[in-house]
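To start, the structure itself, in structure tokens.
Number of protein chains: 2
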Amino acid sequence: MRDQYIAQIDEVLVSMADLVGKSISLATYALLEDDLAAAEQVIAGDLPIDELNSEVEEMASRIVALQAPVATDLRLVMGAIRIAGSLERMGDLAVHVAKQVRLRYPNPSIPAELKETFEKMGHAASRIVEQTAEVISSRNTSLADDMKIFDDTLDDLHRELFTVVLSDNWTHGVEAAIDVTLLSRFYERFGDHAVSVARRVIHIVTGEPYAR
Amino acid sequence: MRDQYIAQIDEVLVSMADLVGKSISLATYALLEDDLAAAEQVIAGDLPIDELNSEVEEMASRIVALQAPVATDLRLVMGAIRIAGSLERMGDLAVHVAKQVRLRYPNPSIPAELKETFEKMGHAASRIVEQTAEVISSRNTSLADDMKIFDDTLDDLHRELFTVVLSDNWTHGVEAAIDVTLLSRFYERFGDHAVSVARRVIHIVTGEPYAR
Chain A
1208 MRDQYIAQID EVLVSMADLV GKSISLATYA LLEDDLAAAE QVIAGDLPID
1258 ELNSEVEEMA SRIVALQAPV ATDLRLVMGA IRIAGSLERM GDLAVHVAKQ
1308 VRLRYPNPSI PAELKETFEK MGHAASRIVE QTAEVISSRN TSLADDMKIF
1358 DDTLDDLHRE LFTVVLSDNW THGVEAAIDV TLLSRFYERF GDHAVSVARR
1408 VIHIVTGEPY AR
Chain B
1208 MRDQYIAQID EVLVSMADLV GKSISLATYA LLEDDLAAAE QVIAGDLPID
1258 ELNSEVEEMA SRIVALQAPV ATDLRLVMGA IRIAGSLERM GDLAVHVAKQ
1308 VRLRYPNPSI PAELKETFEK MGHAASRIVE QTAEVISSRN TSLADDMKIF
1358 DDTLDDLHRE LFTVVLSDNW THGVEAAIDV TLLSRFYERF GDHAVSVARR
1408 VIHIVTGEPY AR
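First to last, the sequence lines map onto chains A and B.
Each residue of the first sequence is one higher than the last, beginning at 1208 in this note's numbering.
Each residue of the second sequence is one higher than the last, beginning at 1208 in this note's numbering.
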């Protein structure tokens, strides 16, 4: 019976990760194609993610009240609340990207020369959240370690973008510089949160102190 | 006995809020005075905040395992984990400010004409976290509502700063524009997290759904 409750909470977390994955992919598409409808879809799609976040907390409370979990189960229940919080924030970051597209529409949100950079960021972000979903459902801690690679890619791209924006060849002015820096930061933070979910899963599985 | 556990968890949350308050005040001082030592102190001061965050989770787990809390107590235990998470993130944002000071040192991090704006932001941020500590310890939900005022101030200052940076009178170039935008965003996010703590306290006290 207890296993069944735990399986349910894992299921909701994986659903959240799937929705966040769709959200960041669509946000990247909206950004690269200046697609307002796609951006609006990302923004509207945030509510179900927020609702799943609340649902995880309710499920965790129910498990605590009815099952008095201990050891791994207790770590899982507590950890699920944190994981859901991180996933919700990843959803918010996808919304931040989409809102930037909406703000600049019908103008493009990013200059043509940075499209490739953001395409790579979007790709890394989509991969990292797919991996996140898999880590949650499989509890495969070595997979969790691998996620660091995608996070490093996002960090590298973020730094690379600064070089472009601050070079003498930057002709798009201050506003565009701020726009792309913030957008790039959203992707970079997205990666950080994914890594923190992975660390949390490792903590649940091993019981070792939560590494930051 | 149960009350004692709950009081302990509240105490740790208030200690966290106090440390975060010191951290953002000192970070603002470092920013306004280009004070490297102060910036380093903020950065070093983050570890105790992170440790208190872990302590809250351990305390919550202990309460769940030993006391099987229900109703308000259970909401408090679950809510404490979220509140500690928000406070930790507020501490991180103070660190982000301090790291920016360290990055630009010995140069000033902000142009003279924006000092007043950041002074106001620092003031609002310090007040909002003081209020946060008081809301946590008093459970005064009307005080929680009031926090919105400081958050609005931070949002207004953040918008005001954009106007300055994007005006034709901005002579400090792209890098400084990006710097001050990010700094301003850190303060704005700081306020958002404080408000989310307040909402969480209202949820604990009233049991009404958590408003976003």
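Virtual Cβ for every residue (Gly too), placed ideally from N, Cα, C.
query                                                                                                                                       : result
Residue from B:K1306, B:S1268, B:G1298 with nearest C-alpha to A1246 of chain B                                                             : B:K1306
Chain A within 7 angstroms of G1414 of chain B, Cβ atoms only                                                                               : no
Residue span of the alpha helix (DSSP H) that contains S1349 of chain A, given as start and end                                             : 1348 to 1373
Contact check, V1263 of chain B vs A1291 of chain B, beta carbons under 7 angstroms                                                         : yes
Min CB distance I1317 of chain A to chain B below 7 angstroms                                                                               : no
Proximal residues to D1257 of chain B (C-beta, below 8 angstroms), its chain only, five neighbours per side dropped                         : E1295, G1298
Cα-Cα separation, G1329 of chain A to Q1274 of chain B                                                                                      : 46 angstroms
Min CB distance M1285 of chain A to chain B below 7 angstroms                                                                               : yes
For H1400 of chain B, the three-state DSSP class (helix, strand or coil)                                                                    : helix
Runs of alpha helix (DSSP H) wholly within the segment 1245 to 1322 of chain B (minimum 4 residues, chain order)                            : 1253 to 1274, 1278 to 1311
The segment 1335 to 1355 of chain B touching the segment 1212 to 1231 of chain B, judged by at least three CB pairs closer than 8 angstroms : yes
Residue-level contact to chain A via CB, T1388 of chain B, 7 angstroms cutoff                                                               : yes
Rounded straight-line distance, which links the Cα of G1398 of chain B to that of D1363 of chain B                                          : 12 angstroms
Contacting residues, own chain, Cβ-Cβ under 7 angstroms from E1337 of chain A (five flanking each side not counted)                         : G1228
C-beta neighbour in chain A for A1383 of chain B, strict 7 angstroms                                                                        : no
C-alpha distance - L1238 of chain A paired with V1387 of chain B, whole-angstrom precision                                                  : 24 angstroms
Among B:L1321, B:T1235, B:D1358, the one whose alpha carbon lies nearest that of S1403 of chain B                                           : B:D1358
Cα-Cα separation, L1233 of chain B to E1395 of chain B                                                                                      : 17 angstroms
Closer than 7 angstroms to chain A by CB, E1262 of chain B                                                                                  : no
Short CB-CB distance (under 7 angstroms) between V1271 of chain A and chain B                                                               : yes
Of the listed residues B:E1265, B:R1406, B:I1317, B:R1366, nearest to M1354 of chain B (C-alpha basis)                                      : B:R1406
CB contact flag (L1373 of chain A, T1324 of chain A, <7 angstroms)                                                                          : no
Short-range partners of chain B found in the segment 1284 to 1315 of chain A, where Cβ spacing is below 7 angstroms                         : M1285, I1288, R1289, G1292
Any chain B beta carbon closer than 7 angstroms to A1275 of chain A                                                                         : yes
F1241 of chain A in three-state terms, based on DSSP                                                                                        : In the sequence on display, residue 1241 of chain A carries Asp and not Phe. Correct three-state label for D1241 of chain A: coil.
For V1271 of chain B and L1390 of chain B, believed in contact at Cβ under 8 angstroms, the rounded distance                                : Contact doesn't hold; Cβ gap of about 40 angstroms is too wide.
Secondary structure of E1415 of chain B, DSSP reduced to three states                                                                       : coil
Length of the line joining the Cα atoms of V1381 of chain A and H1379 of chain B                                                            : 10 angstroms
Rounded separation between A1319 of chain A and L1310 of chain A - CA only                                                                  : 18 angstroms
Nearest neighbour of K1327 of chain A, chosen from A:S1349, A:I1231, A:I1213 [CA to CA]                                                     : A:I1231
Interface residues of the segment 1216 to 1246 of chain B facing chain A [CB-CB below 9 angstroms]                                          : none
Outcome for R1467 of chain B when other beta-carbon atoms lying within 10 angstroms are tallied against a minimum of 16                     : Any property of residue 1467 of chain B remains undetermined from this structure, which presents chain B solely from 1208 to 1419.
Cβ of S1268 of chain A within 7 angstroms of any chain B Cβ                                                                                 : yes
Any C-beta of chain B under 7 angstroms from that of L1281 of chain A                                                                       : yes
Three-state secondary structure (DSSP) of H1330 of chain A                                                                                  : helix
Min CB distance L1321 of chain A to chain B below 7 angstroms                                                                               : no
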